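In the numbering used here, the protein residues as written are 3 to 229. Structure first, commentary second.
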């Protein structure tokens, strides 16, 4: 997978500790040296922040050996660290889902998911108007999803694209109702078009640190589009 970022997730916050947390959230486990380069600060400055964040239980590390020399400490967010990134109205949403299931059963939940998907589809389709190609549609999807709190970004990987969401602001709701995840995958497929294949390769609810989707134009579409 290419590491070149064609569309950044978001600007880093100003506070040093928050910048460290954001870097780990959007880039995954990293060494202090790599974090320092990403933040354009000294390794010592990052090390000081790590000491504080570790004491607060927000980050932890594991040692990795790469041949000779001292092992490298690879830092990552703990559950508490991930919890610093908001889950929109989590408790109330889960309570509402439980209430709908209790009153209307699973059919009621399915209808709730369908209504949500329909409303989102209208918004996303408006954002896609006049988009000339798949890359532009994906860049607009990044903008829409980032505005909703998903910390989205886009990478190119050969002829494919990797659409990434570093955060799930409805994670608790999705755990209570997996229909939301299925619905959003279907939503992406509808918005990006019939000639586009979308496959989820990483899933937060499956234990991954992010959700990642491989997006590609089907071979027939590529061939027909050639001059």
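The beta carbon of each residue, even a glycine, is placed where N, CA and C say it ideally should be. Quick caveat, the model's predicted, so the values are computed rather than measured.
- In terms of Cα proximity to residue 23, the closest of 176, 83, 172, 196 is 83.
- At a Cβ-Cβ threshold of 7 Å, residue 66 and residue 19 do not count as neighbours.
- Distance between residue 80 and residue 61, taken at the CA atoms: about 5 Å.
- The beta carbon of residue 162 sits closer than 7 Å to those of 216, 217, 218, all from its chain and outside the five residues before and after it, given in chain order.
- In terms of Cβ geometry, residue 47 and residue 34 do not form a close pair [threshold 7 Å].
- Of all C-beta pairs linking the region 198-215 to the region 119-130, fewer than three are shorter than 8 Å, placing the two stretches out of contact.
- The shortest C-alpha to C-alpha distance from residue 138 to any of 149, 57, 158, 78 is the one to 158.
- Within the same chain, and ignoring the five residues on either side of residue 136 in sequence, the residues whose Cβ sits closer than 8 Å to its Cβ are 163, 194, 195, 198, 217, 219.
- Under the three-state reduction of DSSP output, residue 187 falls in the helix class.
- Here DSSP, grouped into helix, strand and coil, assigns residue 112 to helix.
- When DSSP reads this structure, residue 163 sits in a beta bridge with 158, 217.
- Taking C-beta atoms under 8 Å as the contact rule, residue 187 and residue 202 qualify, at a distance of about 6 Å.
- Sequence-distant partners of residue 87 (beyond 5 residues in either direction) whose C-beta falls short of 7 Å from its own C-beta, in its chain, are 27, 169.
- Membership of residue 20 in the alpha helix (DSSP H) is indicated by the continuous run 18-29.
- Taking the Cα positions, residue 53 is about 19 Å away from residue 72.
- With a threshold of 16 other beta carbon atoms within 10 Å, residue 106 falls short and is exposed.
- Judged by DSSP secondary structure, residue 202 falls within the beta strand (DSSP E) whose first and last residues are 198-204.
- Residue state for residue 79 is assigned as strand, using DSSP reduced to three classes.
- Cα atoms of residue 56 and residue 183: separation of roughly 32 Å, rounded to the nearest angstrom.
- In the structure shown, the three-state DSSP call for residue 67 is coil.
- With a cutoff of 7 Å on beta-carbon distance, residue 144 and residue 154 are scored as near each other.
- Within its own chain, the residues whose Cβ lies closer than 7 Å to the Cβ of residue 96, once the five positions on either side in sequence are excluded, are 174, 175, 178, listed in chain order.
- In this structure, residue 32 and residue 76 form a Cβ contact; the two beta carbons are roughly 7 Å apart against a cut-off of 8 Å.
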